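Participant: I'd like to ask some things about the structure below.
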Amino acid sequence: MLNDGYVTEDSGTGIVHQAPYFGEDDYRVCLAAGVVSKEQDIICPVDASGKFMAPVKDFEGLHVKEADKSIIKMLRDNGRLVTAGTVNHSYPFCWRSETPLIYKAVPSWFIRVEQMSQALLESSQSTYW
Numbered sequence: 191m192l193n194d195g196y197v198t199e200d201s202g203t204g205i206v207h208q209a210p211y212f213g214e215d216d217y218r219v220c221l222a223a224g225v226v227s228k229e230q231d232i233i234c235p236v237d238a239s240g241k242f243m244a245p246v247k248d249f250e251g252l253h254v255k256e257a258d259k260s261i262i263k264m265l266r267d268n269g270r271l272v273t274a275g276t277v278n279h280s281y282p283f284c285w286r287s288e289t290p291l292i293y294k295a296v297p298s299w300f301i302r303v304e305q306m307s308q309a310l311l312e313s314s315q316s317t318y319w
């Protein structure tokens, strides 16, 4: 179990999942706990067509949304399911194809600026935006 101050009881349940490649807080918390490292390759076992691939052997080849029922069944069979249900909520769709979007971790380039943050802030103050 991981803990962090951004999770509070007054703005939700007080419990969140961590997806280290899908949010700044998630990444920071997982990095500090050693779940991921800055040097390792991104872990995202979903191919370009939205299907699971190795190392997700139990659902390999299944589209991530088609796998939902199989994942729930496996959790139930293994005594790991607390509850299952449906929640209706908004979901992102592609404006061109009107198909649901799947969030997928992909390699990105970032510049490490911790060591020059003060100089960057000072430069920003003298910049006409």
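Here the sequence shown is numbered in the working numbering, starting from 191 and rising by one per residue. We put the CB at the ideal spot given by N, CA and C, even for glycine. Please read these numbers as outputs of a predicted model, since none were measured by experiment.
1) Do L192 and V219 have their C-beta atoms closer together than 7 Å?
2) Can you name, in chain order, every residue of its own chain whose Cβ lies under 6 Å from the Cβ of A222, other than the five neighbours on each side?
3) For D216, count the other beta carbons within 10 Å of its own beta carbon; 16 or more makes it buried, fewer makes it exposed. Which is it?
4) State whether the region 230-242 contacts the region 252-259, with contact taken as three or more CB pairs (one from each stretch) at a distance under 8 Å.
5) In whole angstroms, what is the alpha-carbon distance linking V197 and P210?
6) Rounded to the nearest angstrom, what separates A274 and A257 at their Cα positions?
7) Between the C-alpha atoms of N278 and S313, what's the straight-line distance to the nearest angstrom?
8) Per DSSP, which residues does H253 bridge with? Please list them.
9) Would you report the Cα separation of S201 and G195, rounded to the nearest angstrom?
10) Out of curiosity, what's the CA-to-CA distance linking V236 and P297?
11) Would DSSP call V236 helix, strand or coil?
12) Can P282 and L291 be called in contact, C-beta distance under 7 Å?
13) Using only the alpha-carbon positions, how far apart do D267 and A309 sit?
Facilitator: Based on what the coordinates show:
1) yes
2) none
3) buried
4) yes
5) 15 Å
6) 14 Å
7) 46 Å
8) K241
9) 12 Å
10) 13 Å
11) strand
12) yes
13) 56 Å
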